[in-house]
Amino acid sequence: MVEIGIVVGEARPERIKFFTKEAVRVGEFVVTDTVDGRVLYLVESSKLESKLLSSVGDYITAIEAKEASKANPRDVVRYCAARAVGLIEGVLKGRRVYPTLPPEPGSAVFLAEDDLLRQIFHNDSREWVEVGRLLRRDGVIVSINLNKVASRHLAILAATGKGKSNLLALLAKETAEKNGTMIILDYHAEYCKLKIEKARFVTPRINPRHLDSEELADMLDIRSDATRQRGILGRAYNKNVASSPNFWEALKKNLEDIVENEETDFQAKVTAERVLEIIDRGLAIKGNIFNTETESPLDIIEPNRINVLDLSGFTEIQAQIIVARYLTEILNDRKNATLGRRSRFKSPVVIAVEEAHTFIPYDRKSKCSDVLARIAREGRKFGVSLILVSQRPCKLDADVASQMGSFAVSGLTHPKDQDFVMEVTDEVSTELGASLPSLNTGEMILAGQWVTVPALVKVDLIEEKVIGMDLNAIEMWAEDVNVGYRRISTEELIRL
Ligand SMILES: Nc1ncnc2c1ncn2[C@@H]1O[C@H](COP(=O)(O)OP(=O)(O)O)[C@@H](O)[C@H]1O
Ligand SMILES: [Mg+2]
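For the sequence shown, my numbering begins at 1068 and goes up steadily by one.
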């Protein structure tokens, strides 16, 4: 083993500081000995400081201090803070046991060897799948426990463009390979070109009979402040409509009755006529998502497939209503399965929620807040798990987020987002959190139950997901040059 530093200052069992001769990067793994045995540490901060150059107040002094610093090798100090990951003996068996006493000051700090890290991070048993490599050790493959994703929930929290969707696509691919069931709630039609054999792309189907009149109004694009229109729709949408074999005809008939009724006041007549127009327009535009026959919206979701539910083209509230219907049905179905009753999904279902802050906002209840909270709390018992994906973690419902067992975090620059992450997982400390903005695309902190040990990982780029890339506008404009456009000469222009 290569000795790289010496423990200094006040060491605690879970945290050490050490001086080093050479640079040691955040995310590196080091080991040192304690009375309990050898301990693995994760470097969380790495500082380089010149005492002489720290206190200069002008340029000339800075030049002098630079020369003095060069002449005095003691002036530049490199020091690191590292957090105990656990006793190596335990970590190798997948257990995290902390030392009871810190290392003695002056203890030698060694770089953890690749071989040791390989034993810790690479696991080829059935539950584990490879997701990338240790950021500081290219030669160490990192595996995650997919079983924990499918049972204990996962949050992927990272700034835009840091590779959230890539990681989700990678997990979808691995889930497909294990014959698993996943539903991706695709708010931005990002996954419609996912090239996984078992991927299916479906548009949601909603039976309007299952909606209350306010939800029906939302689905028909009646404005939320159009209280008169909503009121008239509520009057027309009675029990008979809900049970009528021809739902839309029955609903429209009731509205026409309002229009034709001599006792109806003028205002109500006009409003009912407007609602009739809105229904016709709604059916013309979105008719294919309403299905008055289907018993359950789950008919279009297949077990043992990656089901991409296309929510693009819906407003926020409509997407929430759809998600609420689907997730309620899935949870009920899985409850039935565990009780030995008839069910569509015989095995666990993973639900991935892109743009999760849209569906579980922190400051109010959305139409699907309740069901998502229920799944977060009790989904585990029934084999329903969540993957929440968001670039604004602080805008997520903290109660739901705190139920997540595993985390992938990267590139968050906003202090509120960083604080939120540290609140919901104690594995990302303030110091490690401070390194988040400097992580590049695909570089993520993986923490929680899906990894043996928290680590900085370079996630693999998957080729199956070609979408989500920034559009190449210049190329696309260039391709347009000869399409549908004829160059007109100046003479022609004059003649025109
Ligand atoms: N692990 C990775 N390694 C290299 N490039 C990546 C990686 N993950 C994502 N990218 C690239 O970064 C871009 C944004 O990735 P994406 O997953 O869409 O980010 P996000 O969903 O966080 O906005 C894509 O063009 C993708 O090709
Ligand atoms: Mg994305």
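Just so it is clear, CB atoms sit at the ideal spot from N, CA and C, and this is done for glycine as well.
Nearest residue (CA-CA) to residue i, options the options
i, options, result
"Ala1179", "Arg1193, Ile1155, Gly1509", "Ile1155"
"Ala1475", "Glu1494, Asp1464, Leu1168, Lys1483", "Glu1494"
"Lys1084", "Val1106, Val1069, Val1110, Arg1204", "Val1110"
"Ser1291", "Glu1330, Ser1232, Thr1382, Asp1366", "Thr1382"
"Phe1357", "Asn1399, Ala1423, Met1286", "Met1286"
"Thr1480", "Arg1459, Ala1468, Val1158, Leu1463", "Arg1459"
"Leu1247", "Asp1527, Ser1414, Met1543", "Checking the sequence, you will find Gly at residue 1247 rather than Leu. Taking only the C-alpha atoms, the option nearest Gly1247 is Ser1414."
"Thr1519", "Glu1282, Glu1116, Ala1545, Lys1160", "Lys1160"
"Val1074", "Lys1118, Ala1239, Arg1145, Lys1336", "Arg1145"
"Phe1188", "Val1152, Glu1327, Glu1282", "Val1152"
"Val1106", "Glu1171, Arg1141, Lys1118", "Glu1171"
"Leu1343", "Ile1388, Ile1389, Gln1296", "Gln1296"
"Ala1284", "Leu1453, Ser1502, Leu1318", "Leu1318"
"Pro1275", "Ile1389, Lys1137, Ile1325", "Ile1389"
Ligand 1 heavy atom lying under 6 Å from the CB of residue i
i, result
"Asn1233", "yes"
"Thr1359", "no"
"Thr1480", "no"
"Thr1425", "no"
"Val1518", "no"
"Thr1508", "yes"
"Lys1229", "yes"
"Leu1376", "no"
"Leu1528", "yes"
Buried versus exposed call for residue i [16 or more other C-beta atoms within 10 Å across all chains shown]
i, result
"Phe1333", "exposed"
"Glu1421", "buried"
"Gly1450", "buried"
"Leu1168", "exposed"
"Ile1397", "buried"
"Asn1313", "exposed"
"Met1249", "buried"
"Pro1482", "exposed"
"Val1093", "buried"
"Val1598", "In the structure as shown, the chain starts at 1068 and stops at 1563, and residue 1598 therefore has no counterpart that could be examined."
"Val1456", "buried"
"Tyr1126", "exposed"
"Cys1259", "exposed"
"Ile1211", "buried"
"Arg1372", "buried"
Boundaries of the alpha helix (DSSP H) in which residue i is found, first to last residue
i, result
"Asn1307", "1306–1310"
"Ile1346", "1333–1353"
"Tyr1393", "1383–1405"
"Glu1131", "1126–1138"
"Gly1298", "1294–1303"
"Arg1150", "Note, Arg1150: premise wrong, no alpha helix (DSSP H); beta strand (DSSP E) at 1143–1154."
"Glu1580", "With the chain covering only 1068 through 1563, there is no way to say anything about residue 1580."
"Glu1546", "1540–1547"
Start-to-end residues for the beta strand (DSSP E) that takes in residue i
i, result
"Ser1622", "Past the boundaries of the shown model lies residue 1622; the chain is included only from 1068 to 1563, so the question cannot be answered."
"Leu1201", "1195–1201"
"Asp1100", "1096–1101"
"Ser1232", "Where Ser1232 is concerned, there is no enclosing beta strand (DSSP E), although the alpha helix (DSSP H) it sits in stretches over 1231–1244."
"Gly1161", "Per DSSP, Gly1161 belongs to no beta strand (DSSP E) and is neither H nor E."
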